[in-house]
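A.B. asks:
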Amino acid sequence: MNVLVTGGGTSAPIDDVRSITNVSTGRFAAAISESCLARGACVWHLHAPSAQLPLLRLARFDLERNDPAGEFDRLRSLHDEWKAVRDRLHLVPLKSGTVADYAQSLHNLLLTQSINVAFLAMAVSDYEPTPVAGKVSSDESELVVQCGRTPKVIRSVRDWAPSVYLVGFKLLSRATTPELIRQAEASGRTNRADLTVANDLQSLVAGRHTVHLVRTGHPTETLGPGADLADRLVALVLKWAAGNRQ
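Heads up: take any position in the sequence shown, counting from 1, add 2, and you land on our numbering.
Below, the structure is given as structure tokens:
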């Protein structure tokens with residue numbers, strides 16, 4: 003199976019040195035790619051320039067760990083895992099990180115690769131200013147930035163790749179579970195997604211990341227916190243995607 007995963011957050015330049023971005027690190031997207039690789043998939047991982055990357059995010063010696071030998075063993079095992087999957091992992095960085103850059107890169111991948119499943123986990127800017135050439139003076143007492151709406155890139159995916167199993171993501175903050183699910187249902191219909199993964203920022207920040215899997219015509223399924231959350235999500239998505247292809 004060929005899988006596309008997008009991760010990290012886009013950026014919207016204000017001038018040559020400033021930009022508006024978001025809190026997405028790309029960690030969950032990287033974990034999704036790792037789980038897909040472990041299941042034998044070929045993965046195209048489209049990512050923001052500063053996003054965490056599959057497996058590479060784990061390749062750091064933990065100086066706080068009081069077990070150097072164990073840490074060396076972990077890194078050796080990680081290196082072996084990397085060698086086993088690196089031919090199936092295609093890292094595709096955004097150049098500028100803007101919404102337009104993301105749209106073009108996503109479009110190119112969907113048209114040139116036979117993608118079966120697309121996890122669009124990237125946090126895409128809803129608004130962006132018209133960037134100013136040069137640098138806005140630091141002597142100003144206020145910096146007022148007027149932003150316009152950006153295109154909803156996910157809404158074009160069904161046109162670019164009609165048969166792809168499309169997984170969208172809906173992130174809110176401080177929303178009730180019913181409201182989160184309601185908005186995910188609306189997004190899924192508008193985006194023509196097969197599945198919308200709904201989550202709230204506060205559960206993520208609090209270390210109890212929970213996701214609600216919203217599909218039209220099916221009851222919502224909730225996956226609770228755990229280190230294997232991405233793996234449980236991937237297991238269900240690949241099963242549902244395989245069922246759609248039969």
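C-beta: ideal position from N, C-alpha, C; glycine also.
Considering Cα atoms alone, identify which of S116, R151, D89 is closest to Y167.
C.D. replies: S116
A.B. asks: Residues in its own chain within less than 8 Å of A243 by CB, not counting five upstream and five downstream?
C.D. replies: Excluding sequence neighbours, A243 sits near M3, N118, V119, Y167, D196.
A.B. asks: Hey, out of T8, D18, L6, G9, whose CA is closest to K137's CA?
C.D. replies: D18
A.B. asks: Could you tell me the distance, in whole angstroms, from the CA atom of R29 to the CA atom of S127?
C.D. replies: 18 Å
A.B. asks: Thinking just about the alpha-carbon of each residue, which of A229, G209, R184 is nearest to the one in P221?
C.D. replies: R184
A.B. asks: What is the residue span of the alpha helix (DSSP H) that N193 lies within?
C.D. replies: 179-193 is the span of the alpha helix (DSSP H), which, as asked, contains N193.
A.B. asks: Do W162 and H92 have their C-beta atoms within less than 7 Å of each other?
C.D. replies: Cβ atoms of W162 and H92: not closer than 7 Å.
A.B. asks: Where S79 and L60 are concerned, what is the direct C-alpha to C-alpha distance, given to the nearest angstrom?
C.D. replies: 11 Å
A.B. asks: Would you list, in sequence order, the uninterrupted alpha helix (DSSP H) runs of no fewer than 4 residues that lie entirely inside the region 65-97?
C.D. replies: As summarised for the region 65-97, the continuous alpha helix (DSSP H) elements at least 4 residues long and confined to that stretch are 70-87, given in chain order.
A.B. asks: Who are the Cβ neighbours of S26 in its own chain at under 7 Å, not counting the five residues just before and after it?
C.D. replies: Answer for S26: G10, G11, A125, listed in chain order.
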